[in-house]
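Here's the structure we're looking at; comments come further down.
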Amino acid sequence: MRGFFNGLPETLHAAFVVVTHLSPGRESLLPEVLARLTPLTVEVAVDDVLVRPDHVYVMPPGSTIGIRGGRLSVRPLGSEGRETKPIDIFLTALAQDQGECAAGVILSGGDGDGAIGIKVIKEHGGLTLAQTADDSGPETPSMPLSAMRTGFIDFGEPAERMGDRIAAYTFEGGARGSDARTAPAEQDIDADMLMKSYAILRRQVGHDFSGYKPSTFVRRLQRRIGVSGASGPVEYLKLLHADPSEVGALFRDLLIGVTNFFRDQAAFESLALQVIPKLFEGRTDRDVIRIWVPACSTGEEVYSLAILLREHMEMLETAPRVQIFATDIDDRSLTVARIGRYPMGYLESVSPERIARHFVIDGESAVIGRAVRDICTFAPHSVLRDPPFSRLDLVSCRNLLIYLGAEAQQHLMPILHYALRPRGYLFIGMAENVTRFEDLFDTVDKRHRIFQARDTIPPVRLPAMAGLDAPPFAGAGQQRRRNATAHTALRHAVEAQMLSEFTPPHAVVTRTGEAVHYSSRIGDHLEVAPGQPTRELAAMARKGLRLELRTALREAIEGNKRVVRSGLSAERPDGRVQTISLVINPLHTQIEKEPLFLVVFNEAAAPIEKERQQALEANERDAVIQRLERELGNTRERLQSVVEEYETSLEELKSSNEELYSVNEEMQAANEELEASKEETQSLNEELHTVNAELASKIEALDQMNEDQALLFEGIDLASVLLTPDLRIRMFTNAAAQIFGLQPSDVGRSLRNFSAPIPLTWLRDEIQIVLAENRLSERIIEGVDGARYQVRLTVSTRRGSKMPGVIASFTDLSKSV
């Protein structure tokens with residue numbers, strides 16, 4: 010900690026600095042800290058003592074520190090007692106009150122406290138730092154490591170270098186407070202600077218941010234200027250050209266979004282009551298419910314939806330399959346989402362019942378259960394650049410629209426409508442709305458932003474893989490949209506005429522052979538069948554086509570494959586004969602889950618007169634007879650050679666059969682050897698069972714010995730502590746716990762970190778002497794307030810032990826008098 014404050018400049022403009030959980034004896038740092046800070050509203054908290062420059066205020070027990078209006082505030086905890094995560098609580102309050110002016114520093118600490126607070130500070134645009142290892146620390150790295158694993162740390166630095174980072178961020182434009190000198194930087198970020206930044210991001214990361222709200226982009230750009238230490242926008246633009254890692258850092262800052270499990274919990278409850286049951290209505294176990302979550306970030310919202318769906322599926326006897334497609338343009342966020350491992354602090358809004366049902370606790374982390382994770386698929390995807398998913402039942406696009414400009418929203422909302430099935434559902438953030446798209450969506454729950462797609466087909470321009478130097482929104486306007494609409498109408502008209510005049514006649518049939526669609530000119534190949542009206546395509550086919558069409562349809566439907574019949578002759582209504590070929594293809598589009606097939610009548614040649622056709626057929630018949638006679642003679646010759654080859658093969662088969670008999674005998678011998686090996690394995694297994702039983706009895710004896718040892722320790726009214734040569738605690742009695750205030754979790758910590766009624770500075774040197782000379786040591790130590798203890802040191806190391814230790818026994822002589 011001293012290194013951190015030594016790294017601060019002589020004066021630092023700050024709202025306040027809070028230091029909690031100082032070790033005993035470290036209070037001497039406070040005057041030095043206060044002297045280095047500008048006396049604005051500086052307050053330093055040491056456990057239950059609040060130190061100000063002008064006086065000392067003793068906080069009442071059971072209180073915690075928060076922030077209100079730029080000042081520290083004290084609030085009672087109530088019945089819950091001491092906060093388990095005070096750093097997270099304080100940093101969260103700091104971020105919510107100070108926004109981009111907040112800076113969170115995580116130094117040495119023994120748990121994961123601070124990781125959630127760092128996340129909140131980064132989401133609000135503040136600066137985050139964590140201590141990395143050097144010669145002076147951190148002594149306990151758990152807290153800084155937990156913070157860095159979140160991915161929200163701007164700088165991992167030794168404590169001595171953090172002051173320079175904070176000062177550079179404060180004075181060079183990172184924090185936009187009243188005292189921060191950022192006005193020049195804001196004025197210098199003009200439209201040309203933005204366009205160049207867009208172009209750099211498109212070239213190096215492949216994503217276009219020109220549709221971002223300019224105010225949001227400028228704010229994130231200003232933050233990176235301050236964090237990188239650049240003197241201004243011009244120098245930062247040069248840094249972007251020269252350093253690809255800074256482009257990646259800017260890209261990740263632009264993608265930071267506020268996300269959490271069941272964020273806006275009332276909205277998720279409304280979704281569970283009003284939408285999710287309707288998604289399962291009328292669905293069987295062969296159906297699939299498709300859901301898309303664009304801009305999914307690290308996956309908390311995706312898994313929240315998956316939990317709601319799993320809970321509803323568990324109430325059904327037979328449930329359809331569920332697929333959740335979660336996409337984002339940030340590969341690092343997708344990696345976190347795929348792993349599904351989150352710190353326990355991330356689950357504050359998840360009930361204990363849901364944690365027990367859907368998570369697996371692993372230390373200080375929680376892992377998403379496999380049943381929930383298996384229905385989620387994570388993939389990189391840009392909602393503005395890549396083609397969307399389709400036939401979706403629900404799209405959850407929360408807190409993405411607030412980062413997009415009006416033109417990007419105008420482009421995105423029809424795409425989301427296109428992706429949904431008719432009457433599919435749209436779930437957006439509490440700060441978003443579809444007011445300008447009321448022709449596309451009906452309102453289901455206005456308060457919680459749940460909408461339903463109308464059964465309309467608006468003109469929609471799907472995203473295409475455009476060149477990186479041609480952003481889809483730069484310079485676009487109303488005239489371009491009007492031109493696009495006019496071009497779409499022209500294209501549809503041209504395509505309709507081409508289909509009518511030049512496309513071969515075709516029809517669409519179901520798997521029962523009934524026609525559901527006819528093209529133009531289909532009447533040349535169909536006729537009304539006598540008797541009861543029917544839509545069966547094969548029954549309406551003209552003479553010459555009926556049998557072949559029925560056979561080809563059956564083959565295509567049963568095999569779900571493409572079937573072709575060529576060289577078919579059919580009589581047209583005008584008496585001429587037409588040579589055609591039938592092509593039957595399965596269609597990917599379905600109607601109410603029923604497969605469809607496309608039947609195409611390809612006209613192979615121009616129709617000819619019937620008499621000419623008959624003459625041609627007679628000539629062809631004579632030629633066919635002559636050809637068949639020649640083929641019959643050739644076939645006889647081939648048959649004779651096949652018979653001779655068959656006899657030769659029969660002889661070879663007999664010899665092969667004899668070889669198989671010999672191989673069979675060898676296999677039987679090998680089988681007998683395997684039986685013998687099996688008996689040996691069984692014997693070995695019995696020996697292992699015997700050894701296992703002996704080992705179990707020894708473990709039971711060891712457990713009994715440990716239990717007896719624990720009972721003996723509880724019954725001994727002697728304050729004894731088993732220490733390592735560097736004073737780290739290995740074991741202690743209840744009496745010693747009362748003297749030093751020890752807890753079971755303190756095993757492994759240094760005894761010097763705990764308050765004692767007597768000084769212990771001599772103890773380490775005395776232990777070294779006792780271990781070296783292997784003797785007993787006793788002395789009487791006097792402490793403050795009349796405390797007087799007899800301290801006895803005994804070597805606890807057995808011969809050959811690799812862990813030397815000393816038993817320190819403390820006897821309170823003031824009580825025995």
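Letter by letter, the sequence shown follows residues 10 to 826 of this note's numbering.
Yeah, the Cβ is synthetic: ideal placement off N, Cα and C, and Gly gets one too.
Host alpha helix (DSSP H) of residue i (start-end)
i	result
E603	Unbroken run through E603 is the beta strand (DSSP E), E603 to E612; no alpha helix (DSSP H).
I316	E309 to M322
F277	Q274 to Q283
L343	D340 to I348
A244	Per the sequence presented here, residue 244 reads as Glu, with Ala not at that position. Its alpha helix (DSSP H) spans residues P242 to A251.
Alpha-carbon spacing of residue i relative to residue j, whole angstroms
i	j	result
L554	T512	20 Å
R456	T293	32 Å
Y351	I370	10 Å
N791	R758	In the sequence on display, residue 791 carries Glu and not Asn. E791 and R758: Cα-Cα distance of roughly 24 Å.
C305	D337	6 Å
A104	R232	15 Å
I130	C110	9 Å
I816	E323	58 Å
V302	P329	19 Å
P813	L736	11 Å
L822	F749	16 Å
S706	S754	30 Å
A678	V672	10 Å
L230	L81	30 Å
Q670	R645	Note on identity: in this sequence residue 670 is Tyr, with Gln being the wrong assignment. Between Y670 and R645, the C-alpha separation is close to 38 Å.
G378	E681	48 Å
T806	A177	54 Å
K824	D717	29 Å
F722	Q752	15 Å
L248	E169	26 Å
G186	G79	With a pLDDT of only 44 at G186, under the threshold of 50, the placement of this residue in the model should not be trusted, and no figure is reported.
L43	G172	With a pLDDT of only 49 at L43, under 50, the local geometry of the prediction cannot be trusted, and no value is derived from it.
L282	S360	18 Å
G146	S342	30 Å
H698	F368	37 Å
Beta carbon of residue i nearer than 8 Å to that of residue j
i	j	result
C385	Y312	yes
G134	G113	no
A836	P431	Outside the modelled stretch of the chain, which goes from 10 to 826, sits residue 836, for which no answer is possible.
L591	L556	no
L421	V453	no
T803	L785	yes
H321	I285	yes
G605	T519	It is worth fixing the name first, because residue 605 is Leu in this sequence and not Gly. Yes. Within cutoff.
F161	T137	yes
S279	I411	no
N611	I589	yes
L704	I776	no
G118	T159	no
I209	V227	no
E545	G522	yes
Beta strand (DSSP E) segment containing residue i, residue limits
i	result
H534	Per DSSP, H534 belongs to no beta strand (DSSP E) and is neither H nor E.
G576	V572 to E580
I298	V297 to V302
A817	V815 to D821
Q461	I459 to A462
V443	Neither: V443 is in no beta strand (DSSP E) and is coded neither H nor E.
T560	Here T560 belongs to no beta strand (DSSP E); instead the alpha helix (DSSP H) covers R555 to G568.
L100	Here L100 belongs to no beta strand (DSSP E); instead the alpha helix (DSSP H) covers P95 to Q107.
V369	F368 to D371
P389	C385 to P389
E545	That residue, E545, is in no beta strand (DSSP E); it is neither H nor E in DSSP.
G113	A112 to I115
Below-8 Å beta-carbon distance, residue i vs any chain D residue
i	result
P253	Here chain D cannot be found, since the structure has a single protein chain.
Rounded Cβ spacing between residue i and residue j (contact assumed at less than 8 Å)
i	j	result
I175	A139	So it is not a contact: roughly 13 Å between Cβ atoms.
I298	D402	5 Å
A744	A728	4 Å
heavy atom of the ligand ZN below 7 Å from residue i C-beta
i	result
V517	Ligands are entirely absent from the displayed structure, and the ligand ZN is therefore not among its contents.
Discussion item. Extract the residue ranges of the beta strand (DSSP E) inside the region 408-438, only unbroken runs of 3 or more that lie entirely within it.
Written reply: With a minimum length of 3 residues, the continuous beta strand (DSSP E) runs that stay inside the region 408-438 are 429-437.
Practice prompt. Note down, one range per segment and in chain order, each beta strand (DSSP E) of at least 3 residues found wholly within the region 733-809.
Written response: 738-741, 786-791 and 797-804, all fully within the region 733-809.
Item to complete: Please list the segments of the alpha helix (DSSP H) lying wholly inside the region 669-718, counting only runs of 4 or more residues, in order along the chain.
Response: Counting whole runs of 4 or more residues, the region 669-718 contains no alpha helix (DSSP H) stretch at all.
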